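Notes for the one structure printed next.
2 protein chains.
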Amino acid sequence: MKYSLYYWPDIQGRGEYIRLALEDAGADYDDVARRGNGTSAMMRMMEGNRGMPPFAPPFLKAGKLLIGQTANILLYLGARHGLAPKSEAGKLWVHQLQLTIADLVLESHDTHHPLGPSLYYEDQRAPAKKRTDEFWKERVPKYLGYFEGLLKGHGGAYLTGRRITYVDLSMFQVVEGLRYAFPKRMKAFEPEIPGLVELRDRVAARPNIKAYLSSDRRIAFNEDGIFRHYKELDL
Amino acid sequence: MKYSLYYWPDIQGRGEYIRLALEDAGADYDDVARRGNGTSAMMRMMEGNRGMPPFAPPFLKAGKLLIGQTANILLYLGARHGLAPKSEAGKLWVHQLQLTIADLVLESHDTHHPLGPSLYYEDQRAPAKKRTDEFWKERVPKYLGYFEGLLKGHGGAYLTGRRITYVDLSMFQVVEGLRYAFPKRMKAFEPEIPGLVELRDRVAARPNIKAYLSSDRRIAFNEDGIFRHYKELDL
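These protein sequence lines are chains A and B, in that order. If you're matching positions, the first sequence starts at 99 in our numbering and goes up one per residue. If you're matching positions, the second sequence starts at 99 in our numbering and goes up one per residue.
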């Protein structure tokens, strides 16, 4: 089955967690909004879809299904592409971790948008500085310390043990994103999370991911996405 | 099976979405942290659980399973207590809506904590005012307009059609929460969402919910929870 992914064409954003899963799985998919008039097609889907419109991108068309919300899409894909355990307990555990990553990703976004997503960064520079300081003082250590602990706890190569899941692919993206947005802060912090840094390298070395990262399907980080580099926040 | 719910004992918070589902289902459960030494028991679970600790409350013990993240717990309970469709498509759709409600709930929280969860409200009053204004100007109309549109779209009594799901119970809580935190703003806004107001009443009238709301198991709203009433934000 060929999937259609609908997401904003110029950013990695939340769509990237889906792209990484599709790419690692070697799945056939169309990144709809990245071709001519694709964004219009995406907007039409959000208005229609037989009374079941998604609230926001990303969403994935899979046969007759149209699935929205990043973690929900991964829940669906994980089961079909060997990126999650088959048992109910395993599925719930991996999904739980993905939802925790989603919380971290949103907090990363809010470092530059503490007053909400509807105002420009330029209109919230001072609160952004404060929120970023708190984020690095309290939240990054708490979140990444938790995931580092999981890795250490079982001695496995991946967050949930010996086998990779979509959560590992997402953690790769989180490490990459924090490195891009906050190179100085992240460099200083990385000695605290040696396991996650190794995990990042392990994911990056996977053949399908490696090929993807060097292709033009991988959009570069930029200041319209979730992880943004503003020098004044990286002090 | 008797469930054990682990959540902070003095607030509704995210635990309330689970409580409402358990109560509506007439499920047997223990609200662990609300009895003597219960909070210590909760903290121990977060440190242990055989290398699979939850990141934060709420979490639910269901036999051998320990399930974290509110929407994930509802995904599990919905399937077992007739609070979600049985088909995969239906399950994913209801979960997608729940995740969208979770986003709205977090944004509601951030109205009083725009600089992050680790600082006091008193240290972020000015940004809280700005974020609250944006929340009511942009975000509440977008989110609640979306859910109102779903109700209108199919003409059913509940968000996904003729049968109640856990999403309807959560929407009840959102309406209650916004009414508590922002009575003036919400009163002015409610004419925009007549369907959701009716849905709130329909949920409140369900026998198990009605009994729950008038019991001492229902914690009152207060200024330690997610929906907080600060007069200066309700202008």
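Glycine is no exception: its CB is placed at the ideal position from the N, C-alpha and C atoms. A quick note: this is a predicted structure, and the numbers were derived from the prediction, not measured.
{"query": "Min CB distance histidine 179/A to chain B below 8 Å", "result": "no"}
{"query": "Min CB distance glycine 124/A to chain B below 8 Å", "result": "no"}
{"query": "CB of valine 265/A within 8 Å of CB of isoleucine 199/A, strictly", "result": "yes"}
{"query": "Euclidean distance between Cα positions of proline 365/B and asparagine 135/A", "result": "Residue 365/B lies beyond the range of chain B shown here (99 to 333); nothing can be said about it."}
{"query": "Contact residues within the region 217-235 of chain B, judged by C-beta distance below 7 Å to chain A", "result": "Leu217, Pro225, Lys228, Arg229, Glu232 and Phe233"}
{"query": "Proximity of proline 334/A and proline 212/B at Cβ, strictly below 8 Å", "result": "Because residue 334/A is not part of the residues shown, which for chain A are 99 to 333, the question remains open."}
{"query": "Touch test, the region 182-190 of chain A against the region 120-132 of chain A, Cβ-Cβ under 8 Å, three pairs minimum", "result": "no"}
{"query": "The region 306-316 of chain A touching the region 238-256 of chain A, judged by at least three CB pairs closer than 8 Å", "result": "no"}
{"query": "Alpha-carbon to alpha-carbon, glycine 243/A and glycine 293/A", "result": "10 Å"}
{"query": "Where the alpha helix (DSSP H) through alanine 309/A begins and ends", "result": "305-311"}
{"query": "Alpha-carbon to alpha-carbon, leucine 181/B and tyrosine 174/B", "result": "10 Å"}
{"query": "Residues near leucine 202/B by beta carbon distance below 6 Å, same chain, minus five either side", "result": "Tyr241"}
{"query": "Reduced DSSP category for glycine 166/B - H, G, I as helix; E, B as strand; rest coil", "result": "strand"}
{"query": "9 Å Cβ cut-off: residues of chain A touching arginine 237/B", "result": "Gly214, Pro215 and Ser216"}
{"query": "Interface flag, alanine 169/B vs chain A, CB-CB below 8 Å", "result": "yes"}
{"query": "Among Glu145/B, Gly161/B and Lys282/B, nearest to histidine 327/B - alpha-carbon criterion", "result": "Lys282/B"}
{"query": "Assigned exposure category for arginine 112/B - 16 Cβ within 10 Å defines buried", "result": "buried"}
{"query": "Buried/exposed call for serine 313/B, threshold 16 Cβ in 10 Å", "result": "exposed"}
{"query": "Interface flag, glutamine 110/B vs chain A, CB-CB below 8 Å", "result": "no"}
{"query": "Per-residue DSSP class, three states only, for aspartate 129/B", "result": "strand"}
{"query": "Chain B within 8 Å of methionine 150/A, Cβ atoms only", "result": "yes"}
{"query": "Residues that glutamine 271/A contacts on chain B, provided the C-beta gap is smaller than 9 Å", "result": "Within 9 Å Cβ-Cβ: nothing; glutamine 271/A doesn't reach chain B, min ~18 Å."}
{"query": "Cβ-based contacts, 7 Å cut-off: residues of the region 132-150 of chain A near chain B", "result": "Gly149 and Met150"}
{"query": "Span separating the alpha-carbon of aspartate 208/A from that of glutamine 222/B", "result": "15 Å"}
{"query": "Tyrosine 377/B in three-state terms, based on DSSP", "result": "There is no way to answer for residue 377/B, as the model of chain B reaches only from 99 to 333."}
{"query": "Pick from Phe280/B, Leu267/B and Gly323/B that is closest to aspartate 299/B, judged by C-alpha positions", "result": "Leu267/B"}
{"query": "Any C-beta of chain A under 8 Å from that of glycine 251/B", "result": "yes"}
{"query": "Within 7 Å of chain A by C-beta, residues of the region 183-197 of chain B in sequence order", "result": "Ala187, Leu190, Trp191, His193, Gln194 and Leu197"}
{"query": "Same chain, Cβ closer than 8 Å to leucine 331/B, neighbours up to 5 away in sequence not counted", "result": "Thr209, His210, Ala226, Lys227, Thr230, Ala279 and Phe280"}
{"query": "Of the listed residues Leu204/B, Pro152/B and Gly323/B, nearest to leucine 190/A (C-alpha basis)", "result": "Pro152/B"}
{"query": "Residue from Pro215/B, Tyr218/B and Lys235/B whose Cα sits closest to the Cα of proline 215/A", "result": "Lys235/B"}
{"query": "Uninterrupted alpha helix (DSSP H) stretches inside the region 273-332 of chain A (no shorter than 4 residues)", "result": "281-287, 292-302 and 305-311"}
{"query": "Straight-line Cα distance separating glycine 149/B from glycine 176/B", "result": "26 Å"}
{"query": "Cutoff 7 Å; reference phenylalanine 287/B; Cβ partners in own chain excluding five residues on either side", "result": "Val238"}
{"query": "Reduced DSSP category for lysine 240/A - H, G, I as helix; E, B as strand; rest coil", "result": "helix"}
{"query": "For tyrosine 105/B, the three-state DSSP class (helix, strand or coil)", "result": "coil"}
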